[in-house]
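Asker: My structure is below; once you've seen it, I'll send some questions.
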Amino acid sequence: MATPKGPRDREVPAVIRQAIPRSPASAALLIEFAQARGVALATCLKGTRLTMSALRNPATEVTAQQELRLIANTVEALDYEPGLGIEVGHQYHLTTYGIWGFALISSPTLRNAIDVGLRFVGLTFAFCRITARLHDDEVWLVLDPDEVPVAVRRFVTERDSAAIKNLQQELVGQSVPLRRVTYTFPPPADGIERYTEMLGTAPVFGADENTLVIDPLYLDEPLTQANEYARALAQSQCRDLLNQREARAGLSGQVRDLLLADPTQPLTLEEAARELHMSSRTVRRLLAAEGTSLRALTNEIREGLAEELLITGRMPVADVAHRLGYTEVSSFSQAFRRWKGLGPREYRARVSAGSISR
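Under full-length UniProt numbering, the final residue of the sequence shown carries the number 358; numbering is consecutive throughout.
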């Protein structure tokens, strides 16, 4: 998956696997951006089954679907205007990406950093399908958002492109102008100054593709923090982390979908096996290999739904318990106390009073 150096128009696709879970850093960053502009936390989190307490935990994993819902909530609440994604993308730094960012920082050249970035793109927050392409002496990064819902397609294209520009600048250690930036969507009615300021060049709108064209003069210049040992270690850790996340995106993701299809009906191992066309023993074994179990996944889904129903609505606790498949309110209350250390009524009251965060 090397950045092209040979034949013209050679493409190196790096497909975003939207089933792969991701770090909570991007979701937390987006919420901070929205709240600074007056959007309520509950509005941001509506329908995501996420909580701020979970997003503050670096061990939390966020699904692409959850982050897309968060983006849609934010775009709607801020009455989206062109360029909003550029502003958000400008907030992403190499440190935002954890070990993936460190792998780029320790690379010997910008060209090598692009190679590494594309190889482990599943560890990023990008929603566009990213392709590196060679045109004469230029390297094009082509962003394809077609797998993203139409309502947020422009936002994620802007965000991903601005984030890439920011990362390139941080890697090189100076403001490096892009040769060109092109977008398929139309220009904003109020001018393109917002884009030009953030991207360092005036984009061309209404183009055939969304592209960032990198000046080849900077591709093979040594990076200031290059370190061969650190690079090898970081890439090894990236490989391990990506493998782990891909494994967890497997059967456990399918079981989560089954649990969410009807939370009022407890899912048994036998029912899950029948839906998945496997034996119960195989389902148990594969879930164990992914570090989880049907009980753990059931509790995870119930906890997230319970918080959402308690905080974002006025549903009585008894109705919440029923929605989650509990026949007795006392059983739900006991489970919720294990999750949060508080009963559901007390938890709802404290969150409403602002004495604890979600």
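Note that CB positions come from ideal geometry on N, CA and C, so glycine has one too.
Small disclaimer: the values here were computed from a predicted structure and weren't measured.
If we count the other Cβ atoms within 10 Å of its Cβ and call it buried at 16 or more, is S107 buried or exposed?
Answerer: On the sequence shown, position 107 is the one that residue 107 refers to. So S107 ends up on the buried side.
Asker: Near E209, which residues of its chain fall below 7 Å by C-beta distance, leaving aside the five closest residues on each side in sequence?
Answerer: The residue labelled residue 209 in the question sits at position 209 within the sequence shown. Excluding sequence neighbours, E209 sits near V142, T182, T184.
Asker: Taking only three categories from DSSP, how would you classify N227?
Answerer: Indexing the sequence shown from 1 puts residue 227 at position 227. It is coil, neither helix nor strand.
Asker: Taking only three categories from DSSP, how would you classify E328?
Answerer: Numbered from 1 along the sequence shown, position 328 holds the residue referred to as residue 328. Reduced to three states, the DSSP call for E328 is coil.
Asker: According to DSSP, E138 sits in a beta bridge with which residue or residues?
Answerer: For the purposes of this step, residue 138 is taken as the residue at position 138 of the sequence shown. Answer by DSSP bridge pairing, in chain order: H135.
Asker: Buried or exposed for D160, going by 16 or more other Cβ atoms inside 10 Å?
Answerer: Your numbering for residue 160 matches position 160 in the sequence shown. Buried: at least 16 other Cβ atoms inside 10 Å.
Asker: Could you give the residue range of the beta strand (DSSP E) that holds residue 361?
Answerer: Shown here, the chain extends from 1 to 358; a query on residue 361 therefore has no answer.
Asker: Give a yes or no on contact between the region 221-232 and the region 264-276, applying the rule of three or more CB pairs nearer than 8 Å.
Answerer: Judged by Cβ distances under 8 Å, the region 221-232 makes no contact with the region 264-276, as fewer than three pairs qualify.
Asker: Report the three-state DSSP secondary structure of P203 (helix, strand or coil).
Answerer: Your numbering for residue 203 matches position 203 in the sequence shown. Correct three-state label for P203: coil.
Asker: Kindly confirm or deny that the region 57-77 and the region 143-157 touch, where touching means at least three C-beta pairs closer than 8 Å.
Answerer: With a cut-off of 8 Å, the region 143-157 and the region 57-77 count as touching, because enough Cβ pairs lie within range.
Asker: Within the same chain, show all residues whose beta-carbon is closer than 7 Å to that of G117, passing over the 5 residues directly before and after it, in chain order.
Answerer: Reading the sequence shown from its first residue, position 117 is the one you call residue 117. Here the set comprises L104.
Asker: Using the C-alpha atoms, what's the distance from P187 back to G173?
Answerer: Here residue 173 refers to the residue found at position 173 of the sequence shown. Here residue 187 refers to the residue found at position 187 of the sequence shown. Going from the Cα of G173 to the Cα of P187 covers about 30 Å.
Asker: For G6 and A289, I'd like the C-alpha separation in whole angstroms.
Answerer: One-based indexing of the sequence shown puts residue 6 at position 6. One-based indexing of the sequence shown puts residue 289 at position 289. Low confidence applies here, because G6 scores a pLDDT of 37, under 50, leaving its location unreliable and the question unanswered by this model.
Asker: Go ahead and pull the three-state DSSP assignment for T109.
Answerer: Taking the first residue of the sequence shown as 1, we reach residue 109 at position 109. T109 falls in the strand class under three-state DSSP.
Asker: Going by CA-CA distance only, name the one from V39, L110, H93, V204 that's closest to E221.
Answerer: Working through the sequence shown from its first residue, we reach residue 221 at position 221. Per the Cα distances, L110.
Asker: What's the C-alpha gap between G200 and T60?
Answerer: Position 200 of the sequence shown, counted from the start, is the residue given in the question as residue 200. Position 60 of the sequence shown, counted from the start, is the residue given in the question as residue 60. When rounded, the distance between both Cα atoms is 35 Å.
Asker: When the Cα atoms are used, what is the spatial distance from S175 to G85?
Answerer: Locating residue 175 in the sequence shown gives position 175, where the first residue counts as 1. Locating residue 85 in the sequence shown gives position 85, where the first residue counts as 1. Going from the Cα of S175 to the Cα of G85 covers about 20 Å.
Asker: With distance defined between alpha-carbon atoms, name the residue in L50, A34, F33 nearest to L309.
Answerer: Position 309 of the sequence shown, counted from the start, is the residue given in the question as residue 309. Nearest option by C-alpha distance: L50.
Asker: Taking only three categories from DSSP, how would you classify I130?
Answerer: Counting from one through the sequence shown, the residue named residue 130 turns up at place 130. Three-state DSSP puts I130 in a strand.
Asker: Go through its chain and collect everything with a Cβ distance to K165's Cβ below 6 Å, but skip five positions before and after it.
Answerer: Walking along the sequence shown from the start, residue 165 turns up at place 165. Cβ within range, chain order: L199.
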